[in-house]
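>
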Amino acid sequence: MATLLFADGREATAAEIETIARAHRIVVEHRPVPTALAETLARPLLDDTAAATVLDALPPRPEFPSRDLIVLHPERPDNEQLATKFENWHRHAGDEIRHILDGAGIFGVIVDGQRADLHVGPGDFIVVPAGLEHNFRLTAAHRIKAVRYLSDATGWAAEFTGRAA
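In terms of my numbering, the sequence shown has 699 at position 104, counting the first letter as 1, and numbering is strictly consecutive.
(1) Starting from N730, trace the beta strand (DSSP E) in both directions and tell me its first and last residue.
(2) At a cut of 8 Å, does the region 597-612 reach the region 658-671 through at least three beta carbon pairs?
(3) Determine the extent of the alpha helix (DSSP H) in which A602 is found, giving its start and end residues.
(4) Give a single yes or no on whether L650 has its beta carbon closer than 8 Å to a heavy atom of the ligand HEM.
(5) Alpha carbon to alpha carbon, how far is A688 from V742?
(6) Secondary structure at T648, three-state DSSP: helix, strand or coil?
(7) Is there contact between the region 630-648 and the region 721-729, where contact requires at least three CB pairs shorter than 8 Å?
(8) Quick one: what's A741 bridged to in DSSP?
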């Protein structure tokens, strides 16, 4: 289950996470990863066929017709370049929806003027609402597999805000 760490290192309680999420219109849910995907998700990188297998195993969401699978892993040649790009503070015109299937990451958000880090892992489903400034960082393992959902493909583009990472 997702955890939220404040800038002072304190971990938020479940009630605090719920209050903060509601105040910022962030959705944090747990949706188990199908066990049938374990062998496929254990691979460091996935080709198009394996990615299609993963997407086919997850129920479609009619409200989000666009989806893909993002795979970041140290064996991916552009892994560090992509990871660095996501670390920059940005916002999107559309909601940013992620279902974490493997690995882990950290969504940075601003809560009461302070940075807070939402740590996500397998089974976490998160919606960062349109316009909310945030960033994303990989954990020390430098790997994650997540389904990205979007209601409109034009909303994928990041508007970088210039806030220091």
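Glycine residues also receive a C-beta, built at the ideal position from the N, C-alpha and C atoms.
Working from what's here:
(1) H729 to L733
(2) no
(3) A602 -> no alpha helix (DSSP H), and no H or E assigned at all.
(4) Within the structure as shown, the ligand HEM is missing, as the structure has no ligands at all.
(5) 19 Å
(6) helix
(7) no
(8) I665 and I695
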